[in-house]
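Worksheet: the structure to be examined is printed underneath.
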Amino acid sequence: MTQPDGMILGGLGDPVHDSQRCFRGILDAMSRPARPVTLASPPDAPPGVAPATMAVLHCLLDQDTPLWLDPGLQARAARHISFHTQAPLVAEMSAASFILVGDGLQLPDLSCLPLGDPAYPERGATLLVQVGDLASGGALRFRGPGIDGTADLQIDGLAPEFWPAFAVNTELFPLGFDTILFAGTRIVGLPRTTLLEEA
Numbered sequence: 033m034t035q036p037d038g039m040i041l042g043g044l045g046d047p048v049h050d051s052q053r054c055f056r057g058i059l060d061a062m063s064r065p066a067r068p069v070t071l072a073s074p075p076d077a078p079p080g081v082a083p084a085t086m087a088v089l090h091c092l093l094d095q096d097t098p099l100w101l102d103p104g105l106q107a108r109a110a111r112h113i114s115f116h117t118q119a120p121l122v123a124e125m126s127a128a129s130f131i132l133v134g135d136g137l138q139l140p141d142l143s144c145l146p147l148g149d150p151a152y153p154e155r156g157a158t159l160l161v162q163v164g165d166l167a168s169g170g171a172l173r174f175r176g177p178g179i180d181g182t183a184d185l186q187i188d189g190l191a192p193e194f195w196p197a198f199a200v201n202t203e204l205f206p207l208g209f210d211t212i213l214f215a216g217t218r219i220v221g222l223p224r225t226t227l228l229e230e231a
């Protein structure tokens, strides 16, 4: 369910159990990369925000996790997200723990993402990108920890310039950013340890 721009609707219907289910889904997606996971019972979402995206924001954000919103989501979704997550909104990606991109075809400059440092690699950001569709199979092939051999994935609505940045990011491990892709109620985890191959 969506809402008019700038308005606030309810959050998770059953905050405790819905959060637990969502968190298990996130863990599943990140521990078994490049495999779509459907999140059950997503909350209401503001215009331009997928149900799965809003569920993950509910689960992962709080007052200690600064969030950067792309300009297309600022007016439409900032009030709703701030109310339900209490996450501070920041103007610069370099200051954010989470970066939310509403349209995967219009990516910001990914070179500005926090990558952590050798003493604290966990301070690398999590990039949240909404795309048109996610499905198993397809032209993209991945390997790495959590993948049995290789995993093929179809992603519609993700700008091609994402992949060079993704390849560079993998080479920076243990530094780098982690990525979660969203489409409707589905998510795909692409941690910084995941490698892209040609199918």
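In this note's numbering, the protein residues as written are 33 to 231. Even glycine gets a Cβ: it sits at the ideal position worked out from N, Cα and C.
Proximity of residue i and residue j at Cβ, strictly below 8 Å
i: L227; j: A191; result: no
i: V163; j: F198; result: no
i: L132; j: L160; result: yes
i: L166; j: V220; result: yes
i: C91; j: F130; result: no
i: L139; j: F194; result: yes
i: G181; j: A82; result: no
i: G149; j: A119; result: The amino acid at residue 149 is misidentified as Gly; the sequence shows Asp. Not closer than 8 Å, so no.
Identity of the residue in the options nearest residue i by Cα
i: A157; options: E124, A128, D141 and L185; result: A128
i: S126; options: Y152, A107, A110 and L99; result: L99
i: P78; options: C54, L71, E154 and A109; result: A109
i: P177; options: T202, G189, D188 and R155; result: T202
i: T225; options: H90, S63 and L59; result: S63
i: S73; options: D210, G80, R67 and T85; result: T85
i: F205; options: V122, T70 and P223; result: P223
i: D188; options: G181, P196 and A171; result: A171
i: S114; options: D135, L89 and I58; result: L89
i: G134; options: I212, D94 and R53; result: I212
In DSSP terms, what residue i is bridged to
i: W100; result: I131
i: V200; result: The partner list for V200 (beta bridge, DSSP) is empty, contrary to what the question assumes.
i: Q162; result: F214
i: I219; result: V69 and F214
i: A167; result: Q186
i: E124; result: For E124, which the question treats as bridged, DSSP gives no partner whatsoever.
Residue burial classification, residue i (beta-carbon count within 10 angstroms, cutoff 16)
i: G169; result: exposed
i: A231; result: Note that A231 scores a pLDDT of 49, beneath 50, so its modelled location is shaky and nothing firm can be said.
i: D102; result: buried
i: G208; result: buried
i: R218; result: buried
i: V200; result: exposed
i: A107; result: exposed
i: A151; result: exposed
Collapsed DSSP secondary structure at residue i in the structure displayed
i: P153; result: strand
i: F174; result: strand
i: G136; result: coil
i: G57; result: helix
i: L105; result: helix
i: L145; result: coil
i: L92; result: helix
i: T34; result: Low confidence applies here, because T34 scores a pLDDT of 46, under 50, leaving its location unreliable and the question unanswered by this model.
i: L227; result: strand
i: P78; result: coil
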